[in-house]
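Residue numbers (our numbering): 1223 to 1662. Here a beta-carbon is modelled for each residue, glycine too, at the ideal position from N, C-alpha and C. Report on one structure; see the data block that follows.
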């Protein structure tokens, strides 16, 4: 997809009357000397992130500031950007139910209204209010409006979009404390005060991307695309290859090492991490998953689990529920592993299920083998020893143990422990006579 085509796609998504003001600027973003102005503001500035107001156009019981963009609540981006200013305090104002407290971090306080806020601002000379539904609002824009108020000596300075809509306001804290909230919602109260005597205030224009607010679902999708584009560009700059970046979704918390290759149509969610040289995809989904160096995951799903180095997963495998797969394993077609520890060098090539199992190094899990781990009430574990051979269509009725080097014949239903080196077959499985020396 060319830059022109990509731009057209983003603009089509933003043609709603509520989002026309937020057309996308493709101009390069300049770097700011954040360290310099952060030191200048330290101890003098309070930042308030407004995160509690609902949006009728979103048709949601969740505040826009708490909707996730690339896996992270929008307000978290704002909090993190504010922290780069090194302010004296960062306060989040939510709703009376405390919505958002469990998903937002980095704030010094989480409040429900203005009266409590005044006590949190302490000795701050100025207070910067920013809307929490502006995930692309950066520290440079925040600094610009704070600096403008200082330079003009105005009591208020507004950070606005290209159409003049406010995305933030920096006020003299003393002026703020003099006001009376009169029982209004905090955002409504602030807007009312902001619109009074506007002629006495200074104004700074933010860029189109920085001023994008999540006013509706179209704006949410637009922000998702822009943030995802930035995330992928950052990984590319660190040595990660994306075969088709426009078909890949990467959450903000994902960690990718240099020389990772991400093939088309992949979804990397949560706190997933991928080590150097691994190949993800095509068609793979990682959710809070860890993939070791030089491993491959293709057309498969790995959730809340880890995959060792040099291991191949897929196609069409499902690894979930806290599974830990060792190095140099082969987990292939339609294999499922749940809440199991799989040792190095294990082969499980097709149509098998390991649930609540511990599998020793070098074991072989034949096609159609299953650990029968649920008795209708409780889950039970299965132990499979080092270099054990579990034959095709074996049913291991947990709790049960198959010893090191043991063998189960095709179709065996194992209801009792199998000793090390033993061979069993049948329904229910019974131990076979020991082989004579030289017997095949």
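Check whether residue i and residue j have beta carbons under 8 Å apart
| i | j | result |
| --- | --- | --- |
| residue 1520 | residue 1503 | yes |
| residue 1580 | residue 1561 | no |
| residue 1314 | residue 1301 | yes |
| residue 1377 | residue 1393 | yes |
| residue 1498 | residue 1511 | no |
| residue 1356 | residue 1433 | yes |
| residue 1550 | residue 1527 | no |
| residue 1602 | residue 1623 | no |
| residue 1478 | residue 1348 | no |
| residue 1481 | residue 1530 | no |
| residue 1297 | residue 1287 | yes |
| residue 1447 | residue 1475 | no |
| residue 1367 | residue 1384 | no |
For residue i, three-class secondary structure by DSSP
| i | result |
| --- | --- |
| residue 1560 | strand |
| residue 1304 | helix |
| residue 1243 | With a pLDDT of only 33 at residue 1243, under 50, the local geometry of the prediction cannot be trusted, and the value read off the model is given with reservation. Three-state result, residue 1243: helix. |
| residue 1289 | coil |
| residue 1399 | helix |
| residue 1424 | strand |
| residue 1623 | strand |
| residue 1432 | coil |
| residue 1469 | helix |
| residue 1299 | helix |
| residue 1339 | helix |
| residue 1348 | strand |
| residue 1647 | strand |
| residue 1497 | coil |
| residue 1579 | strand |
| residue 1479 | coil |
| residue 1414 | helix |
| residue 1279 | helix |
| residue 1325 | coil |
| residue 1609 | coil |
| residue 1488 | coil |
Spatial neighbours of residue i in its chain, beta-carbon cut-off 6 Å, leaving aside the 5 residues before and after
| i | result |
| --- | --- |
| residue 1507 | 1489, 1523 |
| residue 1619 | 1594, 1637 |
| residue 1575 | 1558, 1592 |
| residue 1569 | 1552, 1586 |
| residue 1505 | 1487, 1521 |
Burial state of residue i (16 or more Cβ within 10 Å)
| i | result |
| --- | --- |
| residue 1457 | buried |
| residue 1323 | exposed |
| residue 1639 | exposed |
| residue 1251 | With a pLDDT of only 36 at residue 1251, under 50, the local geometry of the prediction cannot be trusted, and no value is derived from it. |
| residue 1327 | exposed |
| residue 1359 | buried |
| residue 1330 | exposed |
| residue 1545 | buried |
| residue 1289 | buried |
| residue 1365 | buried |
| residue 1649 | exposed |
| residue 1395 | buried |
| residue 1441 | buried |
| residue 1616 | buried |
| residue 1642 | exposed |
| residue 1435 | buried |
| residue 1449 | buried |
| residue 1596 | exposed |
| residue 1344 | exposed |
| residue 1473 | buried |
Residues near residue i in its chain [Cβ-Cβ closer than 7 Å; skip 5 each side]
| i | result |
| --- | --- |
| residue 1464 | 1454, 1458, 1470, 1484 |
| residue 1461 | 1480, 1481 |
| residue 1235 | With a pLDDT of only 38 at residue 1235, under the threshold of 50, the placement of this residue in the model should not be trusted; the figure read from the coordinates follows. Within the same chain, residue 1235 has close Cβ partners 1440, 1443, 1444. |
Residue i - containing alpha helix (DSSP H), residue span
| i | result |
| --- | --- |
| residue 1569 | Careful: residue 1569 lies outside any alpha helix (DSSP H), inside the beta strand (DSSP E) at 1569 to 1572. |
| residue 1355 | Premise fails: residue 1355 is in no alpha helix (DSSP H) and is neither H nor E. |
| residue 1450 | 1439 to 1459 |
Same chain, Cβ closer than 8 Å to residue i, five either side skipped, listed in chain order
| i | result |
| --- | --- |
| residue 1316 | 1273, 1274, 1285, 1322, 1323, 1332, 1333, 1334 |
| residue 1397 | 1377, 1378 |
| residue 1614 | 1588, 1589, 1590, 1591, 1632, 1633 |
| residue 1200 | For the chain, the structure presents residues 1223 to 1662; residue 1200 sits outside this window and is missing. |
| residue 1532 | 1514, 1515, 1516, 1517, 1549, 1550 |
| residue 1342 | 1268, 1311, 1313, 1330, 1331, 1333 |
Run of the beta strand (DSSP E) containing residue i, from where it starts to where it stops
| i | result |
| --- | --- |
| residue 1374 | It is not in any beta strand (DSSP E) - residue 1374 instead sits in the alpha helix (DSSP H) that spans 1361 to 1374. |
| residue 1381 | 1378 to 1382 |
| residue 1616 | From DSSP, residue 1616 is part of no beta strand (DSSP E); its letter is neither H nor E. |
| residue 1596 | Here residue 1596 belongs to no beta strand (DSSP E), and DSSP marks it neither H nor E. |
| residue 1392 | 1388 to 1394 |
| residue 1540 | 1540 to 1542 |
| residue 1331 | 1331 to 1333 |
| residue 1508 | 1507 to 1509 |
| residue 1516 | Looking at the DSSP string, residue 1516 is not in any beta strand (DSSP E), and its letter there is neither H nor E. |
| residue 1555 | 1552 to 1555 |
| residue 1311 | 1311 to 1315 |
Closer than 8 Å to chain C by CB, residue i
| i | result |
| --- | --- |
| residue 1281 | Absent from the structure is chain C; it holds one protein chain and no more. |
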